[in-house]
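Heads up, the thing below is written out as structure tokens.
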Amino acid sequence: MPLPAGVYRADHVGSFLRPKAILETREKVESQAATAEDLRKVEDEHIATVVREQIENGLQSVTDGEYRRAWFHIDFLQHLAGVEKRGHVTSTNVTSHGMTPPRLVVVGKLGHPNPIQVDDFNYVNKQVEAVKASSGASQTVTAKVCIPSPTMVYFRGGRDAIDADAYPTLEPLFDDIAKAYQAELDDLYAAGCRFVQLDDTNLAYLCDEGMSKEAAQRHGKTPAELTQQCVDIINASISKRPKDMTIGIHLCRGNFRSQWFAQGGYEPVAETLFKGLNVDVYFLEFDDARSGDFSPLRHLPEDKIVVLGVMSSKKAELDDKEAMIERLKEAASYCPRGLDQLCLSHQCGFSSTKEGNDLTVEEQWAKVRLEVEIAKQVWGDDLSQ
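In terms of numbering that gives the first Met the number 0, the sequence shown opens at residue 0 and continues consecutively.
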């Protein structure tokens, strides 16, 4: 069975370390010493470079490195009508840096007044084509768009973060979230995008005992009910996507300056996640013991793929090649079709926020090259098969 379009045996979650020039210009914009147009010009220049670097280092799924974002989710969701950033999320899970993520609130009727990612996709796709033309590369390369999962709109804030006048009950909000995402996917498809990845922390956080209890108290539902609710909202949001648009989902336990927020294996959500969620591919974290063992993969249907994040973007040193191959083989023993249902990646991006993880740019690309090398040893030179 072939891989879904846009998925490769050596894949990645999407973000790369931000160039200094982007960070400096972003700070100038915040202090009104530069304009948004100035920032976009700098971003364009460096996105063209990171597209080329991804292809040169062996990746075939290519993103803009999330260079236009400070946060993986906030910068997208603020473009929805009725959504604002106010304060910070409260949680018992805080990094040693003392950081807690910004809090999103729904202040009015939620809508999708304009395409959000289309211009960004068009620019990346143009750069992909330019690199292929100049290099004469024959391999397939796909421009991938990463956007936050629909659950990121409401889950961390709960009922208190949703305006009661706009939404006396929550079902109409969930319907409006789904309609907004349907519109965005329609716009992306019309622009030529064929692979969209949804980035979701909430299903992963429901695997953490403490965070799961917090969520249950915040929403007045059991963790199992919350899992099903998340799956239902995502399914509604992608329900009208064309058959030739691949949808993936990345479950993230937190990734801020090489630190994580949540821990716990996938067992609490696994059956609902794999059997109930209508995506084509799962990008799952398995880089250390806090992600649990591979046994939840026994619920994986035969027609779905897991991009196995056994490599780590959080540390500077290279992963052990033979250990990674053994981990892949171990995971394959739980999958109905074995290694054929697996691909390889790092557990998360290298820079889910603008700060980035604790490694250098060259260490980042060395990790990518090792990943491609491992994938070719396991599956052969054609990483699209």
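Where is the CB? At the ideal position from N, CA and C, for every residue including glycine.
Which partner residues does residue i have in the DSSP bridge list?
i      : result
Phe414 : Lying before the first or after the last residue shown, residue 414 is absent from the chain, which here runs from 0 to 384.
Ser60  : Thr141
Lys84  : Leu103
Asp118 : Per DSSP, none; premise fails for Asp118.
Asp199 : Leu250
Thr352 : Trp70
Ala9   : Leu343
For the beta strand (DSSP E) that residue i lies in, which residues bound it at each end?
i      : result
Arg102 : 101-110
Which residue comes first and which comes last in the alpha helix (DSSP H) that contains residue i?
i      : result
Lys341 : The sequence shown places Leu at residue 341, rather than the Lys named in the question. Element bounds for Leu341: not the alpha helix (DSSP H) but the beta strand (DSSP E), 341-345.
Gly135 : No alpha helix (DSSP H) contains Gly135, which DSSP labels as neither H nor E.
Ser236 : 222-237
Phe50  : The residue you asked about is not Phe; residue 50 is Val in the sequence shown. First-last of the alpha helix (DSSP H) with Val50: 35-55.
His218 : 208-218
Leu382 : Counting along the chain, Leu382 falls outside any alpha helix (DSSP H), and DSSP gives it neither H nor E.
Thr359 : Thr359 -> no alpha helix (DSSP H), and no H or E assigned at all.
Glu26  : 19-29
Measure from the alpha carbon of residue i to the alpha carbon of each residue in the options, then state which is nearest.
i      : options                        : result
Lys328 : Phe293, Phe194, Ser350         : Phe293
Thr359 : Val50, Val123, Lys19           : Lys19
Asp339 : His345, Cys347, Gln346, Ala330 : Ala330
Phe15  : Val6, Glu36, Val50, Ala9       : Val50
Ser350 : Pro100, Cys145, Trp70, Pro241  : Trp70
Cys229 : Cys206, Leu172, Leu202, Asp207 : Leu202
Val105 : Gln116, Phe154, Val144         : Phe154
Pro408 : Gln116, Met323, Val278, Leu317 : Outside the shown range of the chain (0 to 384) lies residue 408, about which nothing can therefore be said.
Leu79  : Arg67, Pro335, Lys108, Asp63   : Lys108
Glu325 : Gly348, Phe75, Ile373, Ala288  : Ile373
Gly81  : Asp63, Tyr66, Asp162           : Asp162
Leu76  : Asp198, Thr34, Ala223          : Asp198
Gly337 : Gly64, Val130, Lys366, Arg297  : Arg297
Leu276 : His249, Glu316, Thr221, Gln116 : His249
Lys313 : Val367, Glu321, Tyr333         : Val367
Gly110 : Asn124, Pro101, Val152         : Val152
Ala190 : Tyr204, Val144, Thr150, Val12  : Val144
Met244 : Met0, Pro1, Gly5               : Gly5
Cys206 : Ala33, Pro222, Gln196          : Pro222
Glu316 : Phe273, Trp364, Ala32, Ile304  : Trp364
Gly13  : Thr34, Ser30, Ile46            : Ile46
Ile246 : Glu224, Asp185, Ala288, Tyr204 : Asp185
Met0   : Val371, Pro300, Glu321, Gly348 : Pro300
Ser332 : Asp357, Lys320, Pro295         : Pro295
Glu224 : Ile73, Arg193, Pro241, Leu272  : Leu272
Does the beta-carbon of residue i, which I'm using as the reference point, lie nearer than 7 Å to any heavy atom of the ligand ZN?
i     : result
Leu76 : Absence of the ligand ZN is noted for the structure shown, with no ligands found whatsoever.
Please give the ranges of any beta strand (DSSP E) in the segment 258-323, keeping only runs that are unbroken, at least 3 residues long and fully inside the region.
Annotation: the segment 258-323 contains the following complete segments of the beta strand (DSSP E) (minimum length 3 residues), in chain order: 280-284, 304-310.
Only counting runs of 3 or more residues, tell me where the beta strand (DSSP E) segments fall wholly within the segment 143-170, in order along the chain.
If we require 3 residues or more, the beta strand (DSSP E) runs fully inside the segment 143-170 come out as 144-147.
I want to know whether the segment 263-272 touches the segment 169-184 - three or more CB-CB distances under 8 Å.
The segment 263-272, when compared against the segment 169-184, does not touch it at the 8 Å Cβ threshold.
Touch check for the segment 284-292 and the segment 306-324: three-plus C-beta pairs under 8 Å?
The segment 284-292, when compared against the segment 306-324, does touch it at the 8 Å Cβ threshold.
Three CB pairs or more closer than 8 Å across the segment 335-349 and the segment 372-379
Verdict: yes, contact present.
So, do the segment 138-148 and the segment 56-66 have three or more beta carbon pairs nearer to each other than 8 Å?
Yes: at least three Cβ pairs fall under 8 Å.
Kindly confirm or deny that the segment 150-167 and the segment 207-220 touch, where touching means at least three C-beta pairs closer than 8 Å.
By the Cβ test, the segment 150-167 is in contact with the segment 207-220, since at least three Cβ pairs between them sit closer than 8 Å.
Do three or more CB pairs link the segment 41-50 to the segment 165-175 at distances below 8 Å?
Output reads no: the segment 165-175 does not touch the segment 41-50.
With three or more C-beta pairs closer than 8 Å as the rule, is the segment 121-137 touching the segment 202-212?
Fewer than three Cβ pairs drawn from the segment 202-212 and the segment 121-137 lie within less than 8 Å of each other, which leaves the two stretches out of contact.
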